[in-house]
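Before any comments, here is the structure.
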Amino acid sequence: NLAGAFELGDIKALLKEWVTSISDPMEEDILQVVRYCTDLIEDKDLEKLDLVIKYMKRLMQQSVDSVWNMAFDFILDNIQVVIQQTYGSTLKIA
Amino acid sequence: TSKGSAMSNFFGKTASRKAK
Chain A
13 NLAGAFELGD IKALLKEWVT SISDPMEEDI LQVVRYCTDL IEDKDLEKLD
63 LVIKYMKRLM QQSVDSVWNM AFDFILDNIQ VVIQQTYGST LKIA
Chain B
4 TSKGSAMSNF FGKTASRKAK
């Protein structure tokens with residue numbers, strides 16, 4: 013779970029609050045999102061992972077702060093490595 | 004309450020807020 017949130021709706025709301033209320037994301041928060049996504053991979057919940065990543069991509073790439081774009085790239089890179097190790101292929105993010 | 008590092012980041016704060 014992410015900061016006590018389990019449901020996709022709660023996760024999305026939390027991510028939106030994070031991206032819209034913070035201009036300079038902390039490394040600890042970014043790592044926490046990576047850990048949450050890694051847990052989804054371990055739980056084989058790739059459908060939820062896909063939705064979470066696509067939502068983050070929309071949120072973070074909409075942001076005028078380039079630091080959020082970099083944060084998304086960092087999160088995605090880390091997740092793709094874990095997926096590659098677990099499934100032998102990467103997730104296609106359209 | 005103490006102000007540990009977990010309390011100063013966004014998700015740490017949110018988690019402690021929800022726990023109350």
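Line order of the protein sequences matches chains A and B.
For the first sequence, the working numbering begins at 13 and goes up steadily by one.
For the second sequence, the working numbering begins at 4 and goes up steadily by one.
Ideal Cβ placement from N, Cα and C applies to all residues, glycine included.
With a threshold of 16 other CB atoms inside 10 Å of the CB of A/Ile42, please say whether the residue is buried or exposed.
For the purposes of this step, residue 42 of chain A is taken as the residue at position 30 of the first sequence. Under this definition A/Ile42 is a buried residue.
Would you please state the rounded distance, in angstroms, between the beta carbons of A/Val45 and A/Ile87? I believe it to be under 8 Å.
Counting from 1 along the first sequence, the entry for residue 45 of chain A is found at position 33. Counting from 1 along the first sequence, the entry for residue 87 of chain A is found at position 75. Going by Cβ atoms, the distance from A/Val45 to A/Ile87 rounds to 6 Å, so yes, they are a contact pair.
Name the chain B residues that come within less than 7 Å of A/Gln44, Cβ to Cβ?
Sequence index remark: in the first sequence, residue 44 of chain A carries index 32 (1-based). Result: Phe14.
Looking at the structure shown, is A/Ala17 part of a helix, part of a strand, or coil, going by DSSP?
Taking the first sequence and counting its residues from 1, one reaches residue 17 of chain A at position 5. Reduced to three states, the DSSP call for A/Ala17 is strand.
Under 8 Å, Cβ to Cβ, is there at least one residue of chain B near A/Ile23?
Within the first sequence, numbered from 1, the residue matching residue 23 of chain A stands at position 11. No, its Cβ sits nowhere closer than 8 Å to a Cβ of chain B.
Please list, in chain order, the chain B residues whose beta carbon lies closer than 9 Å to that of A/Leu61.
For the purposes of this step, residue 61 of chain A is taken as the residue at position 49 of the first sequence. Chain B residues near A/Leu61: none, gap ~18 Å exceeds 9 Å.
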